[in-house]
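Chains as they are written, first to last, in our numbering: chain L, 1 to 424; chain B, 425 to 675; chain X, 676 to 989. Every residue gets a Cβ at the ideal spot worked out from N, C-alpha and C, and that includes glycine. All figures in this text were calculated on a predicted structure; none of them were measured in a lab. Written below as structure tokens is the structure these notes are about.
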Ligand SMILES: Nc1ncnc2c1ncn2[C@@H]1O[C@H](COP(=O)(O)OP(=O)(O)O)[C@@H](O)[C@H]1O
Ligand SMILES: [Mg+2]
């Protein structure tokens with residue numbers, strides 16, 4: 001919706017293709033990444049996407065910054081887990097597995113209504129702090145009330161020992177994945193349509209100018225409250241799906257880290273775009289699971305990426321692409337495409353160098369024997385000698401230097417030259 | 425002939441901390457009249473509007489809208505009871521287009537409330553109404569322009585449009601022509617007269633030629649008190665007013 | 676009971692003064708810049724680590740002065756090259772920036788100093804028993820913490836009340852929109868205040884790192900509690916931060932030391948330690964102590980968002 005930001009109603013690019021491309025991808029990807037690990041990762045992506053979309057109902061659409069959205073995800077997961085266990089205990093009789101996420105959604109809605117009723121009176125910093133406090137309270141409580149939360153170990157369930165509506169065998173990871181895809185699609189459609197309703201419009205209005213919203217008859221608190229409760233519902237849905245894919249839930253799911261990750265992912269993707277949170281959530285899931293087994297430094301990469309986005313590209317990754325696309329469509333790339341590509345290349349070289357530096361540092365400071373041979377980008381180096389450091393720093397400095405001090409002024413000159421030429 | 429009062433203010437006071445800004449205002453605004461409030465800068469005119477419209481809480485006194493107490497009601501409730509206002513400093517949804525601003529202003533009065541099961545764009549009555557308003561405001565050609573990209577005069581016009589859109593009985597306009605050129609101000613006044621023909625209108629206005637042309641009655645607010653209320657002729661001939669206000673303005 | 680109360684007051688005051696050292700800078704920064712610095716506790720952590728490393732070379736006393744200065748310099752850099760840029764986008768991106776920064780600082784600390792605690796200890800000159808009370812020894816270092824906190828509060832008070840810079844800051848605390856009108860170089864003032872606030876947190880870290888543990892988790896451990904102090908005291912209010920620090924310090928210590936539960940006091944009355952109310956009935960105060968600050972945070976924000984002493988709402 002155009003009211004959402006610069007995303008603009010004018011651009012069809014971001015309007016229709018995601019609804020074709022993303023479901024297609026969701027169907028094709030499991031053919032490519034068909035390992036057990038790959039399918040699990042894809043399932044987690046689907047769940048993270050629902051969770052991030054629900055988060056953006058708050059941050060992007062209503063301007064509410066929450067540090068405790070995992071409360072609804074986690075409580076949804078716990079309640080869904082209890083229902084799954086009841087079904088397990090009843091010998092696989094009762095609620096079909098496909099509908100377990102609905103239980104999560106109902107729980108999310110329930111707690112969203114309760115906690116939302118006093119969280120949303122004010123927006124901004126007060127709201128952020130209340131959600132932070134609530135998140136910490138619920139997380140601590142989850143370790144105290146071990147009957148319900150299963151203590152540190154958490155709770156286990158068995159998705160196979162539950163009936164299926166359609167006779168599907170959920171012993172197969174792939175089948176479970178398709179269940180996630182189906183729910184993700186349903187959730188995405190609903191969240192998308194919600195933005196077009198009077199509530200969705202007024203959520204934007206309240207975000208931009210709560211006072212004006214009052215003077216057209218709307219109570220900002222109620223607008224926020226309904227958005228909050230609905231967002232909590234979708235978060236609970238995501239939690240319910242997690243119970244199905246992982247068959248375990250523990251205190252981490254309501255924890256502050258979970259709340260932090262959804263915030264980071266949503267923002268990195270771009271809060272002004274519907275697909276922003278999807279891109280961000282997918283990226284973060286991949287980074288978290290693949291990078292963390294590959295390098296110790298993944299949290300650092302993650303934090304640096306987030307800070308760079310906040311500082312240099314507040315519209316997120318999708319925003320960067322979209323801005324470039326708009327410029328290109330308006331003919332802004334004419335005569336300077338080469339320079340743009342050059343800047344991109346130089347930037348990538350810089351990032352490459354920076355990654356080398358970070359990896360070297362981790363090896364140097366954190367490994368038992370810093371002088372042990374260390375595989376870096378296909379080379380075997382000794383981190384206690386100067387050469388790899390010099391090369392790495394050199395690449396980083398040259399890359400970023402060329403981008404910022406050569407490419408950027410050149411682009412500016414070329415653009416101003418073109419526009420003057422146009423005027424002449 | 426006794427007229428019904430649209431607004432009735434009794435001994436309304438407002439202080440910020442120790443500073444008493446509104447010092448016991450009594451004011452009746454008759455139904456369907458055009459009531460202009462004049463007074464020097466800092467007299468408390470905007471503050472008075474903020475009190476009436478629920479943006480600020482009164483410190484003392486009472487405000488009635490069609491015989492119902494509205495003081496200290498939240499702004500959205502006052503709005504729903506039939507009072508709408510514009511601001512001295514333009515206050516629109518800047519990221520939204522002209523049509524989106526107008527649609528937002530219509531949603532509540534068209535009964536859509538907090539609905540989350542229907543699409544705004546499919547509400548034909550809202551669309552028709554908003555298109556008609558855009559036409560009346562001479563903003564049809566800018567219908568899809570974000571409010572932030574309109575000229576100042578256009579923004580002010582849109583603000584009037586959004587204020588009137590909900591069909592509120594009572595309209596408060598705070599300096600609708602401030603900062604405009606002569607011709608722009610004339611256009612704005614004509615627009616206001618056209619669009620608020622059936623309403624009760626309370627306007628804060630500085631330009632005295634406009635005031636005397638527009639007003640059925642005038643109230644003069646000086647230093648938080650209303651020192652006179654009357655027809656334009658009465659006000660013109662009122663000694664206290666001449667001394668306190670007009671005299672200083674003439675030269 | 677009297678002993679418990681005396682004990683918790685003494686230790687609570689000690690803990691409270693540490694909280695105050697951390698939170699006074701945060702409340703200043705928020706009051707002036709409107710930035711709720713999520714990474715504030717990270718600067719506290721940096722203070723501890725800088726002092727530890729410097730102390731190895733220069734000894735504790737030099738580090739006590741140098742470390743906060745270094746932390747302040749780090750703060751100035753963050754403000755100048757990070758926050759100032761984000762400032763134009765509004766307060767929410769500022770909060771997000773500091774949120775990301777907290778992650779990055781934690782990782783960098785873990786990178787350079789490792790994930791296990793470093794052996795940061797009180798200097799020998801302070802490491803002796805100053806006095807004993809009811810069988811418990813109090814080391815000179817604890818007395819020293821108290822002294823540092825007092826000096827800091829008095830110093831802050833003098834700075835705010837008696838100097839020109841303080842007047843500007845004071846004015847800005849009550850009317851942030853007016854700083855520019857006073858003809859001051861607002862960006863410079865912001866950088867200074869941010870750096871100063873970070874240096875205060877750094878000083879807290881220099882002593883706090885010794886009193887508690889110095890490990891990369893210490894920032895995330897203290898971060899939320901510092902928020903609680905600042906919100907409860909009233910955003911922007913230095914005396915409020917002091918009172919709130921002491922309240923939280925004493926309450927938490929008290930809850931930790933009394934080991935009370937309804938079941939213990941009244942008897943279990945046949946209520947089992949399960950189910951929602953059963954667990955509450957048997958809940959020991961020591962466990963409540965951990966959630967107490969958050970409970971206070973939420974309750975304050977709901978019922979009194981401007982805190983105990985705040986003039987403005989958050
Ligand atoms: N929120 C406020 N806090 C403190 N003083 C205020 C506030 N709003 C207005 N004032 C003061 O009230 C007086 C009247 O202001 P205002 O109503 O805007 O005057 P007018 O609209 O007649 O020019 C001014 O002196 C102004 O400084
Ligand atoms: Mg005014």
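{"Check": "Three Cβ pairs or more, each shorter than 8 Å: is that satisfied between the segment 638 to 648 of chain B and the segment 456 to 473 of chain B?", "Outcome": "yes"}
{"Check": "Between residue 269/L and residue 262/L, is the Cβ-Cβ spacing less than 7 Å?", "Outcome": "no"}
{"Check": "What residues come near ligand 2, if near means a beta carbon less than 7 Å from any of its heavy atoms?", "Outcome": "469/B, 470/B, 512/B, 598/B, 599/B and 628/B"}
{"Check": "Residues of the segment 64 to 89 of chain L in Cβ contact with chain X at a cutoff of 9 Å, in chain order, please.", "Outcome": "65 and 67"}
{"Check": "Starting from residue 396/L, follow its DSSP beta bridges and name the residues at the other end.", "Outcome": "Paired residue(s): none; residue 396/L is not in a bridge."}
{"Check": "I'd like to know if residue 676/B contacts chain L, where contact means its C-beta is closer than 7 Å to some C-beta of that chain.", "Outcome": "This structure gives no information on residue 676/B, because the portion of chain B shown stretches from 425 to 675."}
{"Check": "At a cut-off of 6 Å, is residue 467/B close to ligand 4 when judged by its beta-carbon and the heavy atoms of the ligand?", "Outcome": "In terms of ligand content, the structure shown lacks ligand 4 and carries ligand 1 and ligand 2 instead."}
{"Check": "List the whole-angstrom C-beta distance separating residue 723/X from residue 880/X, where the pair is believed to meet the contact cut-off of C-beta under 8 Å.", "Outcome": "4 Å"}
{"Check": "Rounded to the nearest angstrom, what separates residue 179/L and residue 113/L at their Cα positions?", "Outcome": "27 Å"}
{"Check": "Considering only the alpha carbon of each residue, which of 402/L, 49/L, 321/L and 340/L lies closest to residue 350/L?", "Outcome": "402/L"}
{"Check": "Thinking C-alpha only, which one of 589/B, 449/B and 535/B is nearest residue 623/B?", "Outcome": "589/B"}
{"Check": "Taking DSSP as the reference, what is the three-state secondary structure of residue 676/B?", "Outcome": "Chain B is shown from 425 up to 675; residue 676/B falls before or after that span and cannot be answered."}
{"Check": "Can you give the Cα-Cα distance for residue 795/X and residue 136/L, rounded to whole angstroms?", "Outcome": "29 Å"}
{"Check": "Identify every residue that forms a DSSP beta bridge with residue 654/B.", "Outcome": "642/B"}
{"Check": "Strictly under 7 Å for the Cβ-Cβ distance: is residue 504/B near chain L by that measure?", "Outcome": "yes"}
{"Check": "To which residues of the same chain is residue 289/L closer than 6 Å at the C-beta, ignoring the five residues directly before and after it?", "Outcome": "41"}
{"Check": "Taking the beta carbon of residue 761/X as the centre, do at least 16 other beta carbons fall within 10 Å, making it buried, or is it exposed?", "Outcome": "buried"}
{"Check": "Shortest alpha-carbon distance to residue 455/B belongs to which of 488/B, 579/B and 443/B?", "Outcome": "488/B"}
{"Check": "Exposed or buried, which one is residue 328/L when buried takes at least 16 other CB atoms within 10 Å?", "Outcome": "exposed"}
{"Check": "Tell me the rounded alpha-carbon separation between residue 295/L and residue 900/X.", "Outcome": "32 Å"}
{"Check": "Within its chain, find whatever has a CB closer than 7 Å to the CB of residue 755/X; leave out the 5 residues flanking it on each side and keep chain order.", "Outcome": "866"}
{"Check": "For residue 837/X, count the other beta carbons within 10 Å of its own beta carbon; 16 or more makes it buried, fewer makes it exposed. Which is it?", "Outcome": "exposed"}
{"Check": "Does residue 168/L come out as helix, strand or coil in the three-state DSSP assignment?", "Outcome": "coil"}
{"Check": "Residues of chain L with CB under 7 Å from residue 576/B, in chain order?", "Outcome": "Result: empty, since nearest Cβ-Cβ is about 18 Å, beyond 7 Å."}
{"Check": "Given this structure, state the Cα-to-Cα distance separating residue 719/X from residue 684/X, to the nearest angstrom.", "Outcome": "24 Å"}
{"Check": "Does ligand 1 have a heavy atom nearer than 6 Å to the CB of residue 445/B?", "Outcome": "yes"}
{"Check": "Would you check whether ligand 1 has a heavy atom nearer than 6 Å to the C-beta of residue 440/B?", "Outcome": "yes"}
{"Check": "Taking residue 218/L as the query, report the chain B residues whose CB atoms sit under 7 Å from its CB, ordered along the chain.", "Outcome": "500 and 532"}
{"Check": "Residue 450/B lies in the beta strand (DSSP E); which residues open and close that run?", "Outcome": "443 to 454"}
{"Check": "Would residue 737/X be called buried (16 or more neighbouring beta carbons within 10 Å of its own) or exposed?", "Outcome": "exposed"}
{"Check": "Mind checking residue 511/B: buried by the 16 CB within 10 Å criterion, or exposed?", "Outcome": "buried"}
{"Check": "Please report whether the beta-carbon of residue 194/L lies at a distance below 7 Å from any beta-carbon of chain B.", "Outcome": "yes"}
{"Check": "Between the alpha carbons of residue 427/B and residue 617/B, how many angstroms are there, rounded?", "Outcome": "21 Å"}
{"Check": "Compute the Euclidean distance between the alpha carbons of residue 918/X and residue 781/X, then round it to the nearest angstrom.", "Outcome": "29 Å"}
{"Check": "Would you say residue 717/X and residue 916/X are within 7 Å of each other, going by their C-beta atoms?", "Outcome": "no"}
{"Check": "In the DSSP assignment, what residue or residues form a beta bridge with residue 380/L?", "Outcome": "375/L"}
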